[in-house]
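>
There are 2 protein chains.
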Amino acid sequence: MNQIKIFCPATVANLSCGFDVLGLCLEGIGDEMIIRKSEQKGLRITKITGADLPLETKKNVAGVAGMALLHHLDLAFGFDLEIHKKIKAGSGIGSSSASAAGIVVGINEILGNPLSRKELIPFAMEGEFLASGSYHADNVAPAILGGFTLVRGYNPLEVIKINSPKELFVTILHPQIEVKTSASRKVLPKEISLKSAISQWGNLGGFISGLYTEDYSLLGRCLHDEVAEPERKKFIPNFDEVKTVALENGALGCGISGSGPSIFALCKGVKIAEKVANNIRKVYSETGIEFTVFISKVSDSGVIKI
Amino acid sequence: MNQIKIFCPATVANLSCGFDVLGLCLEGIGDEMIIRKSEQKGLRITKITGADLPLETKKNVAGVAGMALLHHLDLAFGFDLEIHKKIKAGSGIGSSSASAAGIVVGINEILGNPLSRKELIPFAMEGEFLASGSYHADNVAPAILGGFTLVRGYNPLEVIKINSPKELFVTILHPQIEVKTSASRKVLPKEISLKSAISQWGNLGGFISGLYTEDYSLLGRCLHDEVAEPERKKFIPNFDEVKTVALENGALGCGISGSGPSIFALCKGVKIAEKVANNIRKVYSETGIEFTVFISKVSDSGVIKI
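So the sequences go chain by chain: A and B. Numbering follows the numbering used here, in which position 305 of the first sequence is assigned residue number 305; successive positions increment by one, without gaps. Numbering follows the numbering used here, in which position 188 of the second sequence is assigned residue number 188; successive positions increment by one, without gaps.
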């Protein structure tokens, strides 16, 4: 294979009770990339559409992730890359991760998959480091593996993939406001009460169980976040109203995607997801804030060839 | 049915990363009870062997749990109860819970099971309240349901049962020392760092996943407790040596059972469990402290008719 066109999915991280460990992969929204084998070593970004991002490899998330992988593989040839961004930066649904995940999966595919998907995660994390200043797998893990991913720990990195119950849909509201990552980090408590922590890990345990047993109602009962949401929701206008409307219209649960500003609602079936989307639109139309709402299944595939 | 003889299993609660939420049911050790239907309303304890416990119903854990159930059922008859204790009080493997769980399951069985096992848990918790001054399901849930149990939350009570991977064995060391519950509670931190909490819930999520996928090695990697063990181990002489020996001899993980003093080691297969038991015995023989060591499978049945 000399060339590949891939879809690089958006993702939801910090999934309520799974703050900092649990994410999911969307299939309805994502970037596209075209990667071409080149006789010239290294990685060159030849074109970017949809966003004002640096073409210089070492200043670009996909560039850095791709170079980390190439450095590891030590190839006699290289690649040219076109990036077509669809996911807005700063939306809270893993824009940079889609790029970081896409390039490493794409190169690996062209080469006939010398590495497993899990083995690709650390290289994508190099791209995330450029974007956020920290090594984390919250979004690159679901983007690469698909489904739900649990980052069990970082020393060493261990990610567990769990396929999604088939009827799970996600409704996403993206209010087009800027939430500074530094601000949303600053409000996180350094310490939490043992009581809250126990409540959170009881819910996370229950959520993981619900994924394996496809118990939608249990998933809903577990979708609470006692840690980040109470602090971070203040950056998202009308968060409480959106959540109330989502739950009133049948969503299993609702929370902040990543560190915001996007809000996700998990729903059983596309009809409920649409109803939730329609009613969230009504709420947000009254705020005067520009926004987009969309619906997606959870993708069990992660980055895919298109 | 007019009479039943039952086995009331010992249990391990506070299972490392599952502090306050995760427990398991043993099959190798437990009390026995004989429950007889009587024309006289109420519950009378006619005999107790193996422990110096009150015969007065309202001062006895089994008595209080049984009466809570009888009050709910509003029967025209009653029961007589014989208790044969084998689990030592204060051992940390759910002695009081075995009694509380046994009586409610036993009465329910005699009546042809009008309530589900899960519905019985709150009545057993009344007995636990007498024993410990708090309503908790840590031990009564696994004793009643068997397998592994996750107490997702208390408002309302929700317990999830997960069957045990078939090759799981538990080695238990019971050092015969007294650890005051009040002391072991006092050392628990009121607050924990967000970092520790995330690490703990990553491990709990991984452990739950490992139970469903029967991934023994994953179970082992998740068996860490950053919260209670570092504080509570100081009450258990030579805890660190026992843990080291257990892990060196192949245990998947090792931690404090309940609030101690018993120590559990989770092992894949009976041979490893025996090897761990033998080597723990060697360590503890040198302490001058009286102790018992035993091995058990995880029981998926909970309280059973014998």
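In this text, a Cβ means the ideal position worked out from N, Cα and C, and glycines have one as well. Model, not experiment: these values are computed from the prediction.
Quick check on this structure: which residue in Ser38(B), Ala51(B), Ala183(B) has the alpha carbon closest to the alpha carbon of alanine 228(B)?
With distances taken between Cα atoms, alanine 228(B) lies closest to Ala183(B).
> Classify proline 122(A) as helix, strand or coil using the three-state DSSP reduction.
The answer is helix: DSSP assigns proline 122(A) an H, G or I state.
> Buried or exposed for histidine 174(A), going by 16 or more other Cβ atoms inside 10 Å?
When all chains shown are included, histidine 174(A) counts as buried.
> Could you name the residues of the stretch 218-244 of chain B whose beta carbon sits closer than 8 Å to any beta carbon of chain A, in the order they occur along the chain?
The residues in question are Leu218, Arg221, Cys222, Val227.
> So what does DSSP say about cysteine 17(B), is it helix, strand or coil?
Residue state, collapsed to three classes: coil.
> With tyrosine 154(A) as the anchor, note down where its beta strand (DSSP E) starts and where it stops.
Looking at the DSSP string, the run of the beta strand (DSSP E) that includes tyrosine 154(A) is 148-154.
> Does any residue of chain B bring its CB to less than 9 Å from the CB of arginine 152(A)?
So, interface residue.
> For chain A, check one thing: does any of its Cβ atoms lie closer than 9 Å to the Cβ of tyrosine 135(B)?
Not closer than 9 Å to any Cβ of chain A, the Cβ of tyrosine 135(B) fails to qualify, so no.
> Compute the Euclidean distance between the alpha carbons of proline 114(A) and alanine 68(A), then round it to the nearest angstrom.
Their Cα atoms are separated by approximately 15 Å.
> Could you tell me the distance, in whole angstroms, from the CA atom of alanine 62(B) to the CA atom of glycine 146(B)?
Whole-angstrom Cα-Cα distance: 19 Å.
> Does the ligand ADP have a heavy atom nearer than 8 Å to the CB of serine 257(B)?
Ligands displayed in this structure: none; no statement on the ligand ADP is therefore possible.
> Looking only at DSSP bridge pairs, what is valine 298(B) linked to?
Answer is Leu26(B), bridged to valine 298(B).
> Can you tell me which of the three DSSP states lysine 72(B) falls into?
Per the sequence shown, residue 72(B) should be read as histidine rather than lysine. In this structure, histidine 72(B) counts as helix in the three-state DSSP scheme.
> Taking one C-beta from the stretch 277-286 of chain A and one from the stretch 89-106 of chain B each time, how about it: are there three or more such pairs within less than 8 Å?
With the cut-off at 8 Å, the stretch 277-286 of chain A and the stretch 89-106 of chain B do not touch.
> Is serine 285(A) buried or exposed, if buried means 16 or more other CB atoms sit within 10 Å of its CB?
Classification of serine 285(A): exposed, given that the 10 Å Cβ count is below 16.
> Considering only DSSP beta bridges, list what serine 38(B) is partnered with.
DSSP lists Gly78(B) as partners of serine 38(B).
> Reducing DSSP to helix, strand and coil, say where glycine 133(B) ends up.
Three-state DSSP puts glycine 133(B) in coil, outside helix and strand.
> With DSSP collapsed to three states, give me the class of glycine 255(B).
Strand at glycine 255(B).
> Are alanine 124(B) and isoleucine 110(B) closer than 9 Å when you measure CB to CB?
Cβ atoms of alanine 124(B) and isoleucine 110(B): not closer than 9 Å.
> Within the 9 Å Cβ cut-off, does asparagine 203(A) reach chain B?
Yes, its Cβ sits closer than 9 Å to a Cβ of chain B.
> What would DSSP say about glutamine 200(A), mapped onto helix, strand or coil?
Looking at glutamine 200(A) - three-state DSSP - the assignment turns out to be helix.
> Anything in the stretch 13-45 of chain A with a Cβ closer than 9 Å to a Cβ of chain B? List those residues in chain order, please.
Residues passing the 9 Å Cβ filter: Cys17, Gly18, Phe19, Asp20, Val21, Leu22.
> Quick one: which chain A residues come within Cβ less than 9 Å of isoleucine 192(B)?
Correct list: Glu191, Ile192, Ser193, Leu194, Ala197.
> How many Å lie between aspartate 138(B) and alanine 13(B) at the Cα?
Looking at the two C-alpha atoms, the distance is approximately 5 Å.
> Does DSSP put valine 303(B) in a helix, a strand or coil?
The answer is coil: DSSP assigns valine 303(B) none of H, G, I, E or B.
> Is alanine 143(A) helix, strand or coil by DSSP?
It is helical.
> Do we get a CB-CB distance below 9 Å when we pair glycine 255(A) with the residues of chain B?
Not closer than 9 Å to any Cβ of chain B, the Cβ of glycine 255(A) fails to qualify, so no.
> For phenylalanine 207(B) and chain A, any beta-carbon pair shorter than 9 Å?
Output row for phenylalanine 207(B): interface = yes.
> DSSP three-state label for isoleucine 341(B), please.
Because chain B is modelled from 1 through 306, residue 341(B) falls outside the range shown and cannot be assessed.
> I'd like the list of long-range same chain contacts for valine 21(A), defined as Cβ closer than 7 Å, with 5 residues on each side in sequence excluded.
For valine 21(A), where only same-chain residues beyond five positions count, the Cβ hits under 7 Å are Leu150, Val151.
> Do leucine 223(A) and asparagine 249(A) have their beta-carbon atoms positioned less than 9 Å apart in this structure?
No; because the gap between Cβ atoms is not below 9 Å, this pair is not in contact.
> Quick one: which residues of the stretch 153-166 of chain A get their C-beta closer than 8 Å to a C-beta of chain B? List them in chain order.
Those would be Gly153, Glu158, Ile160, Ile162, in chain order.
> Taking all protein chains shown into account, decide if leucine 73(B) is buried (16 or more other Cβ within 10 angstroms of its Cβ) or exposed.
The residue in question, leucine 73(B), is exposed, as its Cβ has fewer than 16 Cβ neighbours within 10 Å.
> I believe valine 140(A) touches alanine 100(A) by the beta-carbon criterion, under 8 Å. Please report the beta-carbon distance rounded to the nearest angstrom.
Between alanine 100(A) and valine 140(A) the Cβ distance is about 5 Å, and since that is below 8 Å, they are a contact.
> Hey, is tyrosine 212(A)'s beta-carbon within less than 9 Å of any beta-carbon in chain B?
By this cut-off, tyrosine 212(A) is an interface position.
> What does a CB cutoff of less than 6 Å around leucine 55(B) pick up in its chain, not counting 5 residues either side in sequence?
Ile45.
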